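Using the numbering used here, the letters of the sequence shown map in sequence onto residues -17 to 315.
Ideal placement from N, C-alpha and C gives every residue a C-beta, glycine not left out.
Here the structure is a predicted model, which means the values were calculated and not measured.
Structure record follows, encoded as structure tokens.
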Amino acid sequence: INMVNVAPYPVLSPAPLNYPLAPMLQSIYNKKLRKILQDVLDVFSPRVILNIGGYAHIEILKISKKKRIPYIVKLMGTIEFAKGPRSPIRILQYYREFLCFRNKADFYFLVDDGSLPDKVALYHGIKGDRFLLLPNPRPSSELISEQRDKDIVSVGYFSRFDKLKGTDFFYKIANNILKNNKDVRFIIAGDGPYRNFILRLKEKYPERIKYLGFIPHKELLKYYGEIDIIVSTSRYANATLQVVEGMNFGVPPVVFDVLGTRKLIEDGKTGLLVKPWNVKEFVNKLKELIENREKRIELGHKARDFVRKNIPTWEDRVDMEIRKMEELVDARG
């Protein structure tokens, strides 16, 4: 494996400027990377190219075709274009992903977080034999120890804090629960532009908000042993890595029922699904689990059994990707 440091993708402030200028920013960035990519490929002779995230896709696509190197794009949770973009603004918001689907690579690894990337690929004319769906994986390790407090119910919210992840919804839900239920606390991990919502909760309920900030993934895993319920409030998909991890450790989820979330969670059996974006219903269903320990345990056990039977571990998923890369190399000869 050879790694080369390159300049980060340009991001403008304020953030809305990035959308109308996306084509120009992509073009500038592609030109910057063109020579770097060419120099790297002149020195090294890779058998396959894996582009994680789709940056500089157009330039890599040109080079891979010229040098006849199999080229794979890996996209992390693709925004739903299954019925076609609803407006030009929608395209500009996710211009990098749009370019990756419009200008076809040899193969695609699509991380399925419930955002229906398979339907997106099919809409753009990418047949099923040219992409591999990769579920968000589960940990292969067990919890070192469970430290759940018997006298208080702990609810976990592990997320990026922004509009897409519905942190504004989470604030309303948590505020209502904390105001009306004394034996509840929230354990929160993450960071992002909506951090102030979390800080407001911490200020109002200092004894019942445990805010960890942004912590490494390996460290986050131990906190699943402290929570009784995990919540996810994303506006577009809730089969997130954190929900999968929570279910793997027997923690039942309460989430908004959007896009392909039902592929992971069966309402009333492995978790609770809430109509998008009904905050009142979310509060009621979360309260139902908070007040019913037996139901929490029942849903948690079924969630764990489902995930461990149907979701690959990190190691298994890496093996899936390696096998597919080997197939592409062998097919190219």
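What is the rounded straight-line gap between the Cα of residue i and the Cα of residue j?
{"i": "Val289", "j": "Met229", "result": "7 angstroms"}
{"i": "Asp327", "j": "Val30", "result": "Because the chain here runs from -17 to 315, residue 327 falls outside it and cannot be looked at."}
{"i": "Lys262", "j": "Ile159", "result": "11 angstroms"}
{"i": "Ala313", "j": "Leu19", "result": "24 angstroms"}
{"i": "Lys306", "j": "Lys48", "result": "22 angstroms"}
{"i": "Leu254", "j": "Val237", "result": "7 angstroms"}
{"i": "Arg72", "j": "Leu(-6)", "result": "18 angstroms"}
{"i": "Ile34", "j": "Leu146", "result": "21 angstroms"}
{"i": "Gln75", "j": "Glu185", "result": "34 angstroms"}
{"i": "Ala285", "j": "Lys267", "result": "17 angstroms"}
{"i": "Arg50", "j": "Asp298", "result": "29 angstroms"}
{"i": "Glu124", "j": "Leu203", "result": "10 angstroms"}
{"i": "Phe264", "j": "Glu41", "result": "45 angstroms"}
{"i": "Val102", "j": "Thr60", "result": "8 angstroms"}
{"i": "Ile279", "j": "Arg217", "result": "27 angstroms"}
{"i": "Leu223", "j": "Asn162", "result": "30 angstroms"}
{"i": "Thr243", "j": "Glu273", "result": "25 angstroms"}
{"i": "Glu79", "j": "Asp249", "result": "31 angstroms"}
{"i": "Lys269", "j": "Pro(-2)", "result": "37 angstroms"}
{"i": "Lys56", "j": "Ala87", "result": "10 angstroms"}
What is the C-beta distance between residue i and residue j, in whole angstroms, given that I count them as a contact (C-beta under 8 angstroms)?
{"i": "Tyr53", "j": "Tyr(-9)", "result": "That pair is no contact at about 19 angstroms."}
{"i": "Gly232", "j": "Gly282", "result": "4 angstroms"}
{"i": "Pro119", "j": "Pro294", "result": "5 angstroms"}
{"i": "Tyr77", "j": "Gln8", "result": "6 angstroms"}
{"i": "Ala221", "j": "Lys251", "result": "About 15 angstroms; that fails the 8 angstroms criterion."}
Is residue i near residue j, with beta carbons less than 9 angstroms apart?
{"i": "Leu114", "j": "Leu92", "result": "yes"}
{"i": "Ile247", "j": "Val225", "result": "yes"}
{"i": "Asp95", "j": "Ala219", "result": "yes"}
{"i": "Ala156", "j": "Tyr205", "result": "no"}
{"i": "Tyr139", "j": "Ser27", "result": "no"}
{"i": "Val137", "j": "Ile211", "result": "yes"}
{"i": "Ile134", "j": "Asp165", "result": "yes"}
{"i": "Phe83", "j": "His106", "result": "yes"}
{"i": "Leu183", "j": "Phe168", "result": "yes"}
{"i": "Met302", "j": "Leu116", "result": "yes"}
{"i": "Leu241", "j": "Ser97", "result": "yes"}
{"i": "Tyr187", "j": "Phe143", "result": "no"}
{"i": "Lys13", "j": "Ala(-11)", "result": "no"}
Helix or strand or just coil, what does DSSP make of residue i?
{"i": "Arg130", "result": "coil"}
{"i": "Val236", "result": "strand"}
{"i": "Asp94", "result": "strand"}
{"i": "Tyr193", "result": "strand"}
{"i": "Gly228", "result": "helix"}
{"i": "Gly107", "result": "coil"}
In the DSSP assignment, what are the bridge partners of residue i?
{"i": "Leu310", "result": "Partner(s): none; Leu310 has no beta bridge."}
{"i": "Ser214", "result": "Val237"}
{"i": "Phe89", "result": "Ile54"}
{"i": "Ala171", "result": "Phe140"}
{"i": "Asp287", "result": "Its beta-bridge partners do not exist; DSSP assigns none."}
{"i": "Thr295", "result": "Arg120"}
{"i": "Asn33", "result": "Val55"}
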